[in-house]
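Residue numbers (the working numbering): 611 to 988.
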């Protein structure tokens, strides 16, 4: 492990791009597998193998160029990768760690077996679900795609019209949780079992897409301690290597429920690039290359991260908007350089370092007023 210098990433989007920037800082070489030359990570990669994310033949070619393989997302052919693993390809996280997580129903079942609180869940069958509920595709849902909040009978009828043939075991249905906050934590683990936990953060999702993050989360210390304990339990049970993002619901009664586990770098951890001693991307690279983990501590009292999503109105002057955001005090603009823009697409993010936690919500409102025509109330 100490001789790992070349990292292969399945995926070439903004997460791989930020991983590539961190790799350059650390003297590591990053190769990516991605479909198009215009994908963000191509600009910073040492080498590129072009192909679909689930194309195992392309992955096999990439694996020959590097020391260890890792992932930008979960949209992979697990069985195909297992054949490569049997041939000696090293994947971190291990494929055995990914197996319980890729299917959302199986992920819920895994957590339930550990005794970790989750919303009541099941497969969507022939009988109508108890309303209100949330229906999710078991595989391949992200950024609002594949998630349906069914609040009443009309919403259920609309869902049935959209999906006239419901594939068996194709949808997870779970009870709607009347949460008061959505929280998240980034947690890293080394091959030797060393664990590093980042501060618990608050997130806001709009249409199931992360809109902003406040670090640290304004919650009771007992809540943060419970989340940290759950994160340790999950990573240990998975024998995880690398960084994982874990999302939670917090209810009005103080109950903490796990919403989702992402076995990779995560949007809720982008603030770490500017606000923490070791970013989530550096930490992931340290873990999978056999280095000791870095400190996850924040270097400032607080920070906010706001996603810069594509806007619906035509002829948006994104350059002018970015210039206004970058001029804010203690602001750090990260623009992903995507070749296409459309409403709701993650085009970049802005992190602002703060002198006190009380400044977080006013700063988010100011940023959104500069970027969006109709800022979301916070």
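By construction, the Cβ of each residue, glycine as well, lies at the ideal position given by its N, Cα and C atoms.
Note that the structure is predicted; figures quoted are calculated from it, not measured.
Please list, in chain order, all residues of the same chain as residue 815 whose beta carbon is under 7 angstroms from its beta carbon, the five residues on each side excluded. 792, 821
Between the beta-carbon of residue 811 and the beta-carbon of residue 878, is there less than 9 angstroms? yes
Strand pairing of residue 720, partner residues [DSSP]: Its beta-bridge partners do not exist; DSSP assigns none.
Residues of its chain near residue 824, where Cβ-Cβ distance is below 7 angstroms and the 5 sequence neighbours each way are ignored: 811, 812, 914, 970
Which whole-angstrom value is the C-beta distance of residue 680 and residue 619, which I expect to be below 8 angstroms? 6 angstroms
Indicate whether the contact test is met: 3 or more Cβ pairs, each with one atom in the region 927 to 936 and one in the region 651 to 671, closer than 8 angstroms. No: fewer than three Cβ pairs fall under 8 angstroms.
Below 8 angstroms, how does it come out for the region 891 to 901 and the region 629 to 647: are there three or more Cβ pairs, yes or no? yes
Going straight from the alpha carbon of residue 713 to that of residue 939, what length do you get? 42 angstroms
Under a three-way DSSP split, which group does residue 641 fall into? strand
Determine the burial state of residue 887: buried for a count of at least 16 other Cβ atoms within 10 Å of its Cβ, exposed for fewer. So residue 887 counts as exposed.
Can you check which of these residues, 684, 827, 795, is closest to residue 912 by C-alpha distance? 827
Which residues in the same chain as residue 732 place their Cβ atom closer than 7 angstroms to its Cβ, once the five residues preceding and following it in sequence are excluded? 783
Counting only runs that start and end within the region 889 to 953, where is the beta strand (DSSP E) found for 3 or more residues in a row? 912 to 919, 941 to 945
Below 6 angstroms CB to CB, which residues in the same chain sit around residue 684 once its five sequence neighbours on both sides are set aside? Closer than 6 angstroms at Cβ, skipping near neighbours: 712.
If you draw a straight line from the alpha carbon of residue 654 to that of residue 693, how long is it in whole angstroms? 29 angstroms
What's the call for residue 942, buried or exposed, on a 16-neighbour Cβ count within 10 Å? buried
Specify the secondary structure class of residue 872 as computed by DSSP and reduced to three states. strand
In angstroms with no decimal places, state the Cα-to-Cα distance between residue 882 and residue 708. Cα to Cα, residue 882 sits roughly 24 angstroms from residue 708.
What are the boundary residues of the beta strand (DSSP E) that residue 674 is part of? Under the DSSP assignment, residue 674 falls outside any beta strand (DSSP E); it carries neither an H nor an E label.
CA-CA distance, residue 794 and residue 864? Those two C-alpha atoms are separated by around 15 angstroms.
Taking only runs of the beta strand (DSSP E) that begin and end inside the region 775 to 808, which ones reach a length of at least 3 residues, in chain order? 781 to 785, 789 to 799, 805 to 807
Excluding the 5 residues flanking residue 801 on each side, which residues of the same chain have their C-beta closer than 6 angstroms to its C-beta? 851
Would you mind reading off the limits of the alpha helix (DSSP H) that contains residue 766? The continuous alpha helix (DSSP H) containing residue 766 extends over residues 763 to 772.
Simplified DSSP state of residue 648, which is helix, strand or coil: coil
Could you check where the alpha helix (DSSP H) with residue 821 kicks off and where it finishes? Residue 821 -> not in any alpha helix (DSSP H); beta strand (DSSP E) instead, spanning 819 to 825.
Where does the unbroken beta strand (DSSP E) through residue 860 begin, and where does it stop? 852 to 861
In this structure, does DSSP put residue 959 in helix, strand or coil? strand
How many angstroms separate the CA atom of residue 734 from the CA atom of residue 780? 8 angstroms
At what residues does the alpha helix (DSSP H) containing residue 833 begin and finish? 831 to 848
With DSSP run on the structure shown, which of helix, strand or coil describes residue 982? coil
Option nearest residue 797 by Cα separation, candidates 975, 625, 925, 905: 905
Segment limits, beta strand (DSSP E) that includes residue 815: 811 to 816
According to DSSP, is residue 690 part of a helix, a strand, or is it coil? helix
Alpha carbon to alpha carbon, how far is residue 727 from residue 876? 22 angstroms
Comparing the CB of residue 672 with every heavy atom of the ligand COA, is any distance shorter than 8 angstroms? Ligands are entirely absent from the displayed structure, and the ligand COA is therefore not among its contents.
How far does the alpha helix (DSSP H) with residue 882 in it extend, from its first residue to its last? 882 to 885
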